[in-house]
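Chains W and V, in that order, are what the protein sequence lines are.
Terminal number for the first sequence in my numbering: 249, no gaps in between.
Terminal number for the second sequence in my numbering: 853, no gaps in between.
Beta carbons are placed, not taken as given, at the ideal position from N, Cα and C, and that holds for glycine.
Here the structure is laid out as structure tokens; the discussion comes afterwards.
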Amino acid sequence: MNSSAPPSTLPGIPPATSPGATPLITARDLHLAFGLTEALRGVDLTIRSGEILAIMGPSGSGKSTLLHILAGVLVPDRGSVVYNGQRISTMNEAERARLRLAEFGFVFQFGQLLPDLSALDNVSIPLLLGGMSRREALARSEELLGSFGLSSCKDKRPPQLSGGQAQRVALARALVAGPRVLFADEPTGSLDSLSSEQVMEMLAATVRGFGVTLVVVTHDARTAAYADREVIVRDGQIRSGFEL
Amino acid sequence: MILLGLLETGSAYGYDLKHRYDRLFGLRKRLAFGQIYATLARLMRDNCIEELAAEAGHGPERRRYHITDTGLRRVESWLFTPDIPHENLQSNLFAKTVIALLIDDDAERLLDGQRHAHLERMRQLTSEKRGADFATAALCDHALFHLEADLRWIDLISARLRDLRESIER
């Protein structure tokens, strides 16, 4: 079913045996307003280490806002987010940036690859930002691209890639530094069914293989079907009675 | 019709037909031998298949079946007659939603529960696809797309419950 196999090694992360039951991220009573619009109105959510969680809900429900708060991109007006014992919601911007760089990876709907850089250079960015030498960063990135079946694309720039290839390059970039948590916002939103399946097979196999926690915002049920569970955000609240 | 279609690929024993059917279509429910032979008897009666000369062997006598011209025409007609689209697949859920609104119960919770059940089933099918042969994966995809269509309806109605309530209370 896959166009290529998931990587056998992920830099910096030892292979995991099984998802843990330990809470990795705990959000309590999250509120955030943009002007008069209340995007979140008291969200509680616990994310366990190694699980794949889908955040679903209609457009404008607050699901992307929730993802950005969990990832320390946005700061809530009220409430707390604790990641691995560290209270993200009270960190300053520099501390959150350091945490994101060291611990988190991100994938967005349109990949957000830098259009003037090759696929290989795009993937190596997080390693270079982390202080790794260019030579080593390129070697690691090339290895990861190879394990994602993208060796032939390494010198291509994003406009020369298909949608599915670009999204897999974005996935490699998100994973190359060995994050503990991967945040994905509509990662298959711009792809056709076949490319979506290839991206999600690769994403799910990779994060499960290495115990990376995946939090994925999606309106696509077929993407959510790769998750261990889902929560539904509606009107800024988690409305489903199935939050565990 | 499926057995007749399988026979168009070549004459076969009932035993082989059963195993071929089960491999291609029996993901959820395998055919019983009784069903196979009852269907073959009916197809014989309707002149869609004929029995080739019985072959003697070490075990019991085995009967090999062959499709007739009538059977070929029947398969042709079946293949190229579009199925009637099932437009009422959600009738029970629709009815439950309407009743919940009429008795002022929690229709949103009902739909959330159904969404959860659908996603759980989609999770199982997605898992079954992994490592499966292509025919099984295609069958799972068929089911997945139907469940996804149901979910789109659930999402739409969840967002428009107020409109539905106003409509049915008129």
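Candidates the options: closest to residue i by CA position
i        : options                                   : result
W/Asp225 : W/Gln242, W/Gly216 and W/Met205           : W/Met205
V/Arg747 : V/Met727, V/Met805 and V/Arg713           : V/Met727
W/Leu150 : W/Ser167, W/Pro163 and W/Arg178           : W/Arg178
V/Leu723 : V/Leu785, V/Arg853, V/Ala800 and V/Gly754 : V/Gly754
W/Leu199 : V/Ala721, V/Arg706, V/Phe828 and V/Gln807 : V/Phe828
W/Leu125 : W/Gly110, W/Ala230, W/Pro163 and W/Gly135 : W/Pro163
W/Arg53  : W/Thr228, W/Arg227 and W/Gly216           : W/Gly216
V/Leu762 : V/Phe777, V/Ile685 and V/Ala842           : V/Ile685
V/Met805 : W/Gly169, W/Thr27, W/Arg234 and W/Arg140  : W/Arg234
V/Thr780 : V/Asp816, V/Leu847 and V/Thr692           : V/Leu847
V/Lys812 : V/Ala800, V/His801 and V/His825           : V/His825
W/Leu180 : W/Ser66, W/Cys158 and W/Ala142            : W/Ala142
W/Val221 : W/Gln114, W/His36 and W/Glu108            : W/Gln114
V/Asn775 : V/Ile851, V/Leu794 and V/Glu733           : V/Leu794
V/Thr692 : V/Gly717, V/Ala721 and V/Ile732           : V/Ile732
W/Ala229 : V/Leu808, V/Thr764 and V/Tyr696           : V/Leu808
V/His801 : V/Leu844, V/Arg745 and V/Asp833           : V/Asp833
V/Leu689 : V/Ala721, V/His749, V/Leu735 and V/Glu734 : V/His749
V/Tyr696 : V/Leu822, V/Arg745, V/Asp787 and V/Ala778 : V/Arg745
W/Asn127 : W/Gly214, W/Val78, W/Val87 and W/Ala182   : W/Ala182
W/Ala99  : W/Leu118, W/Gln170, W/Val78 and W/Pro28   : W/Val78
V/Leu822 : V/Ala783, V/Asp787 and V/Leu707           : V/Leu707
W/Thr70  : W/Asn97, W/Asp190 and W/Gln117            : W/Asp190
V/Leu839 : V/Arg798, V/His702, V/Ala818 and V/Gly814 : V/Arg798
For residue i, the residue or residues it bridges with in DSSP
i        : result
V/Glu734 : V/Tyr748
W/Val112 : W/Ala189
W/Pro28  : W/Arg53
W/His36  : W/Arg46 and W/Arg83
W/Ile237 : W/Met61
W/Gln91  : W/Tyr88
W/Ile243 : W/Val238
W/Leu219 : W/Ile57 and W/Leu187
V/Tyr696 : V/Arg747
Euclidean distance between Cα positions of residue i and residue j
i        : j        : result
W/Pro19  : W/Gly55  : Caution applies to W/Pro19, whose pLDDT of 47 falls short of 50 and renders its modelled position unreliable; the value that the coordinates give is listed next. Taking the straight line from one Cα to the other gives about 13 Å.
W/Ser64  : W/Leu219 : 21 Å
W/Ala32  : W/Gly62  : 18 Å
W/Leu72  : W/Thr223 : 11 Å
V/Asp699 : V/Lys712 : 17 Å
V/Ala715 : V/Tyr704 : 11 Å
V/Thr751 : V/Gly709 : 26 Å
V/Gly796 : V/Ile837 : 10 Å
V/Asp766 : V/Ser760 : 12 Å
W/Ile60  : W/Gln242 : 11 Å
W/Leu166 : W/Arg46  : 40 Å
W/Gly135 : W/Arg101 : 15 Å
W/Lys159 : W/Ala232 : 29 Å
V/Arg756 : W/Ala175 : 53 Å
W/Leu187 : W/Met207 : 13 Å
W/Ser66  : W/Gln172 : 25 Å
V/Arg725 : V/Ile719 : 10 Å
W/Glu248 : V/Leu830 : The predicted position of W/Glu248 is uncertain, since its pLDDT is 44 and thus under 50; no value can be drawn from it.
W/Pro120 : V/Leu844 : 44 Å
W/Ala76  : W/Arg105 : 7 Å
W/Val238 : W/Phe39  : 17 Å
V/Glu803 : W/Arg227 : 11 Å
V/Arg788 : W/Thr42  : Residue identity check: residue 788 of chain V is Asp in the sequence provided, not Arg. The alpha-carbon atoms of V/Asp788 and W/Thr42 are separated by roughly 29 Å.
W/Ala21  : W/Ala209 : Residue confidence is low: W/Ala21 scores 49 on pLDDT, short of 50, so the model does not pin down where it sits. No coordinate-derived value is stated.
W/Glu108 : W/Asp197 : 30 Å
V/Asp729 : V/Ala736 : 19 Å
W/Gln117 : W/Gly168 : 12 Å
V/Gly814 : W/Phe153 : 18 Å
W/Ser138 : W/Arg103 : 19 Å
Whole-angstrom C-beta distance between residue j and residue i, which should lie under 8 Å
i        : j        : result
W/Asp34  : W/Gly90  : No, W/Asp34 and W/Gly90 are not in contact; Cβ-Cβ is about 19 Å, not under 8 Å.
W/Ser201 : W/Lys161 : The Cβ separation is near 21 Å, so there is no contact.
W/Pro184 : W/Gly110 : 4 Å
W/Val212 : W/Ile30  : Their Cβ separation, rounded to whole angstroms, is 15 Å, which puts W/Val212 and W/Ile30 out of contact at 8 Å.
V/Ser841 : V/Glu791 : 6 Å
W/Leu50  : W/Pro81  : At roughly 12 Å, the Cβ-Cβ gap does not stay under 8 Å, so W/Leu50 and W/Pro81 are not in contact.
W/Leu132 : W/Arg145 : 6 Å
W/Val86  : W/Ile74  : 6 Å
Residue i: CB within 7 Å of a non-hydrogen atom of the ligand NAP
i        : result
V/Leu785 : With respect to small molecules bound, the structure shown includes none, and the ligand NAP cannot be examined in it.
Contacting positions in the stretch 219-234 of chain W - beta carbon closer than 9 Å to chain V: Under the 9 Å Cβ criterion, the stretch 219-234 of chain W contributes His224, Asp225, Ala226, Arg227, Ala229, Ala230, Tyr231, Ala232, Asp233 and Arg234.
Residues from the stretch 59-71 of chain W in contact with chain V, defined by Cβ distance under 7 Å: From the stretch 59-71 of chain W, only Pro63 have a Cβ closer than 7 Å to chain V.
Selection of the stretch 816-832 of chain V by Cβ proximity to chain W, strictly under 9 Å: Cβ contacts with chain W: Phe817, Ala820, Asp824, Leu827, Phe828, Leu830 and Glu831.
Members of the stretch 134-154 of chain W near chain V, C-beta cut-off 7 Å: Against chain V - using a Cβ distance shorter than 7 Å - the stretch 134-154 of chain W contributes no residues.
Proximal residues, the stretch 793-806 of chain V versus chain W, C-beta separation under 8 Å: From the stretch 793-806 of chain V, only Asp795, Gly796, Arg798, His799, His801, Leu802, Met805 and Arg806 have a Cβ closer than 8 Å to chain W.
Residues within the stretch 836-848 of chain V neighbouring chain W, beta-carbon criterion of under 8 Å: Listed in sequence order: Asp838, Ser841 and Ala842.
Within 7 Å of chain V by C-beta, residues of the stretch 90-114 of chain W in sequence order: Within the stretch 90-114 of chain W, no residue has its Cβ closer than 7 Å to any Cβ of chain V.
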